[in-house]
Amino acid sequence: MLNFQPLQLEDLPKLRAFFSYSGSRICDTTPGTIFIWRDMYQTAWAVYDGSLYFKVVYPGLGETFTLPLGGGRPEHFREIAGYCCRRNMPISFYPVPKDELERLQQFFPNSAAIAERDSFDYLYRAEDLKYFRGKKLSGQRNHVNKFLKTYGNWTFRPITPEDIPAVKAFLDQYAQRWGKSAASFSEDIAKTHEVLDNHATYDLLGGMLLVEDQLVGFSLGEVVGDTLFTHIEKADRDYEGCYQMLVAQFAQQFAREGVAFINREDDTGDAGLRTSKLSYHPVALLEKYTVTVEEPCGYACPL
């Protein structure tokens, strides 16, 4: 029987191994995404019969389940159906990757699936973001060239524990200057501080871009399978081409052998962010679905 408990940062080391079961390239099945947004979405977890289950609360969806990690799918689905049946509540799964949708709907043939474009992840070839080669990426390459010509004395290097105070100070300056009223922005800044304060626990890859020894941008992410996920990216827009340079350098530094793709997450429906992400020419938009089942009891294990 599933016994959910609130997800805490100290749970990360003991749960990390479960994430190797994810066969998807969506960002929502990475340790970084789940733990960074755990408070925003009231994430709870349970381990049952060797598999990890997450229950979250998304705006407009209520209590929602992600696809569990480990074991066999039918067993997962029956456990969740039983949990919902006992509480007289419908089942809601989110996010369901497109390549998992058929399997889920085979088990729940009367389910309904809805895709939301604002949540689709942007997936890129790692080689494209490293060097911006070819005509379609000439605009990004021009920004990098402008940066190189304008700021000759620059460096990019991995973030070390000794760099954390400087990165946190830059983050505070970024938040003060570019702050938005949305709750998600405040949570993003707060959790970025948490990641930096708990560098060893999160174990994310981090890189920082400097001009004349002045920090002008940093990125944090992780590799899962064949994909590098960029979870956090902040840069000083006053430095022309800074974001493009940060994207390229982060890819060159961390998209090493075996990493074929880079996931730069979704655009949340923000028009400016969508334009920016499309300008890097993704090879795919990773579709995500909400799948709902109104009557869970018919799929539950017999009591």
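Using our numbering, you'd call the opening residue of the sequence shown number 18 and step up by one each time.
Ideal Cβ placement from N, Cα and C applies to all residues, glycine included.
Could you tell me the alpha carbon to alpha carbon distance between residue i and residue j, rounded to whole angstroms?
{"i": "Met159", "j": "Lys185", "result": "Strictly speaking, residue 159 in this sequence is Asn, with Met absent from that position. Between Asn159 and Lys185, the C-alpha separation is close to 30 Å."}
{"i": "Lys305", "j": "Asp253", "result": "31 Å"}
{"i": "Arg309", "j": "Ser128", "result": "Residue 309 is actually Thr in this sequence, not Arg. Whole-angstrom Cα-Cα distance: 5 Å."}
{"i": "His248", "j": "Gly49", "result": "7 Å"}
{"i": "Asp284", "j": "Gln190", "result": "23 Å"}
{"i": "Ala217", "j": "Thr209", "result": "14 Å"}
{"i": "Pro112", "j": "Gly196", "result": "28 Å"}
If you reduce the DSSP assignment to three classes, tell me which class residue i lands in.
{"i": "Phe149", "result": "coil"}
{"i": "Met225", "result": "strand"}
{"i": "His248", "result": "strand"}
{"i": "Trp54", "result": "coil"}
{"i": "Glu179", "result": "helix"}
{"i": "Phe202", "result": "helix"}
{"i": "Tyr168", "result": "coil"}
{"i": "Glu239", "result": "strand"}
{"i": "Arg174", "result": "strand"}
Assign residue i to one of two classes, buried (16 or more other C-beta atoms within 10 Å of its C-beta) or exposed (fewer than that).
{"i": "Gln157", "result": "buried"}
{"i": "Phe202", "result": "exposed"}
{"i": "Ser236", "result": "buried"}
{"i": "Trp62", "result": "buried"}
{"i": "Gly40", "result": "exposed"}
{"i": "Ser37", "result": "exposed"}
{"i": "Gly87", "result": "buried"}
{"i": "Gln266", "result": "buried"}
{"i": "Leu295", "result": "exposed"}
Does the stretch 106-126 come close enough to the stretch 262-273 to have 3 or more Cβ pairs within less than 8 Å?
no
Hey, which unbroken runs of the alpha helix (DSSP H) at 4 residues or more fall wholly within the stretch 67-118?
Those alpha helix (DSSP H) runs which fall completely within the stretch 67-118 and span 4+ residues are 90-103.
Do the stretch 110-130 and the stretch 57-70 make contact, defined as three or more Cβ pairs closer than 8 Å?
no
I'd like the ranges of any beta strand (DSSP E) spanning at least 3 consecutive residues and lying wholly in the stretch 263-304.
278-280 and 301-303
Count Cβ pairs between the stretch 79-86 and the stretch 270-289 that sit closer than 8 Å; are there 3 or more?
Contact fails: fewer than three Cβ-Cβ distances are below 8 Å.
Tell me whether the stretch 224-231 and the stretch 173-180 touch, counting them as touching only if at least three CB pairs, one residue from each stretch, are closer than 8 Å.
yes
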